[in-house]
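In mature numbering (1 follows the signal peptide of the UniProt record, and there is no 0), the protein residues as written are -27 to -1, 1 to 503. Each residue gets a CB set at the ideal place from its N, CA and C atoms; glycine is no exception. Predicted model, so just to flag it, every value in this text is computed and none were measured. Reading through the structure tokens given below for one structure.
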């Protein structure tokens, strides 16, 4: 996540808090003084409320440095300690904004924390959102998870405005916490209790992995009836595959007759996304979800037809009257989906052009530029165009991409360098992925396959199967999915290498020990490899 985006989220949350007290402070700012004993020397600052208002006027004018100087003087004054709680709370919030604007993220975090400490009763949803943003900025993952949970539960209605990308940032960090999964479950439960549901259909679907994990948690505790309450929110067949594959959860799932027939699960999802596309004619995201579902169910031509129909509407709409209301957020994803449908049909040149169009649209909107550049890089190396693949991701760094995005960049580099015969650089990129193999296991798998490191991949698969927290994700990656049609020669080579690994005696024995491998009519999920 970009630093500037972190500050924007932090400042927006802080500014929203300020409605708690500025107006009431203004009413008597010119008359309020704090009485001191007559024997005391005259204080240097007799009007904390007026000082706060002066600082806030500078802040609103964009003079963050001037406001910070005023606020630092205010909080250091002896009168500040005797000022009303609301004033002190608001002063620390304002100081947080100023410190963040000047790049002092640690100071900003400390100030927003002090605001909450002096006035616990004023910690509303905006306060928790501000603390959440500050904690993310300063890499305090545990605090971020706590703040997110609090924001969701203190005001579920207003919490719906929390950016789904921030939620994913927090959830990604919980995988690395040494807490036995406590914070991950805490956030998931808060999301469920708050009824968190983004308007964007594509983003809403992404939450279903959380509901599947809540199902697992309750089954582990023997609460099967409670566990099945989460199933009603799961429509994505890949989440059902994950639960079916794991012996720990398989029976609890199959006790519900809706999930015994694999093909029926897929058909229900197709019916669902068709209904969403019909019900939301102004949202291209709903059309995008339908196109994806069709492609993954082996209907690439139908998927392309849905994408082309939606894009035809976009191109024929009169100026100033867009065909869809969510083009800024989702046009690039429809272009990306079109590229994948074209690749399934073997129209690789057209697919590459569509991937470039998705990248260009992301750059125009300045949204998801890293994701689309990475997707383009992946397509290029799969077409055995490694130099172009490297150029596609050359501008990616920690300031322009998330840690997850950087792992995908490492995958592109590992595969491109392997194709170029530069073993040292390919190994360096792969080793960077292996430092945190569970952050993006699909990229780890791709890099190791590109390196033809079958022993390394087998070791990763066995380790993930043995770990209860990653087991069914790994099981789901290794099911008998329908083969993807029209593979490039390079992809066909990768598929053979993967098949060799999965049929090793130690790997196949571990798959049988922990799970059930079944055949499915759907292709592997898009975040899978080959």
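Residue i burial status per 10 Å Cβ neighbour count (16 or more: buried)
i, result
"residue 440", "exposed"
"residue 72", "buried"
"residue 479", "exposed"
"residue 544", "With the chain covering -27 to 503 only, the question about residue 544 has no answer from this structure."
"residue 11", "Residue placement at residue 11 is flagged as unreliable, the pLDDT there being 38, under the threshold of 50; the coordinate-derived value follows with that caveat. Label assigned to residue 11: exposed."
"residue 78", "buried"
"residue 178", "buried"
"residue 384", "buried"
"residue 517", "Absent from the structure is residue 517, since the part of the chain shown begins at -27 and ends at 503."
"residue 290", "exposed"
"residue 147", "buried"
"residue 160", "buried"
"residue 233", "exposed"
"residue 488", "buried"
"residue 84", "buried"
"residue 414", "buried"
"residue 368", "exposed"
"residue 230", "exposed"
"residue 486", "exposed"
"residue 370", "exposed"
"residue 152", "exposed"
Three-state secondary structure assigned by DSSP to residue i
i, result
"residue 481", "helix"
"residue 219", "strand"
"residue 488", "strand"
"residue 271", "coil"
"residue 179", "coil"
"residue 153", "coil"
"residue 378", "helix"
"residue 453", "strand"
"residue 438", "helix"
"residue -2", "Reliability of the predicted coordinates at residue -2 is poor, the pLDDT of 42 falling under 50, and the value obtained from them is presented with this limitation in mind. Residue -2: helix per DSSP, three-state reduction."
"residue 260", "helix"
"residue 341", "coil"
"residue 350", "helix"
"residue 135", "coil"
"residue 113", "coil"
"residue 242", "helix"
"residue 253", "coil"
"residue 357", "coil"
"residue 476", "coil"
"residue 148", "coil"
"residue 461", "coil"
"residue 497", "coil"
"residue 191", "helix"
"residue 320", "coil"
Contacting residues, own chain, Cβ-Cβ under 7 Å from residue i (five flanking each side not counted)
i, result
"residue 44", "28, 64, 67, 68, 71"
"residue 210", "238, 239, 242, 495"
"residue 504", "Missing from the structure shown is residue 504; the chain here goes from -27 to 503 and no further."
"residue 323", "315"
"residue 167", "125, 126, 129, 132"
"residue 427", "470, 473, 474"
"residue 262", "174, 175, 178, 246, 249"
Residue i versus residue j - alpha carbon distance
i, j, result
"residue 301", "residue 477", "47 Å"
"residue 88", "residue 362", "48 Å"
"residue 237", "residue 92", "54 Å"
"residue 407", "residue 265", "30 Å"
"residue 326", "residue 482", "43 Å"
"residue 158", "residue 59", "34 Å"
"residue 182", "residue 212", "6 Å"
"residue 313", "residue 348", "10 Å"
"residue 57", "residue 34", "25 Å"
"residue 245", "residue 225", "24 Å"
"residue 340", "residue 109", "20 Å"
"residue 421", "residue 316", "23 Å"
"residue 247", "residue 22", "58 Å"
"residue 491", "residue 198", "26 Å"
"residue 452", "residue 497", "8 Å"
"residue 304", "residue 30", "40 Å"
Same chain only: Cβ atoms within 6 Å of residue i, ignoring 5 sequence neighbours per side
i, result
"residue 163", "122, 125, 126"
"residue 311", "280, 327"
"residue 131", "98"
"residue 259", "174, 249, 250, 253"
"residue 171", "137, 177"
"residue 331", "305, 308, 309, 345"
Other residues of its chain near residue i: CB distance less than 8 Å, five sequence neighbours each side excluded
i, result
"residue 38", "71, 75"
"residue 14", "Annotation note: pLDDT 41 at residue 14 (below 50); position unreliable, coordinate value reported separately. Excluding sequence neighbours, residue 14 sits near nothing in its chain."
"residue 143", "105, 109, 114, 117, 118, 121, 160"
4 or more residues per run - each alpha helix (DSSP H) lying fully within the stretch 22 to 104: 37 to 49, 51 to 55, 58 to 74, 78 to 91
Entirely enclosed alpha helix (DSSP H) segments - the stretch 362 to 431, minimum 4 residues: 376 to 393, 396 to 407, 414 to 423
Entirely enclosed alpha helix (DSSP H) segments - the stretch 270 to 315, minimum 4 residues: 273 to 289
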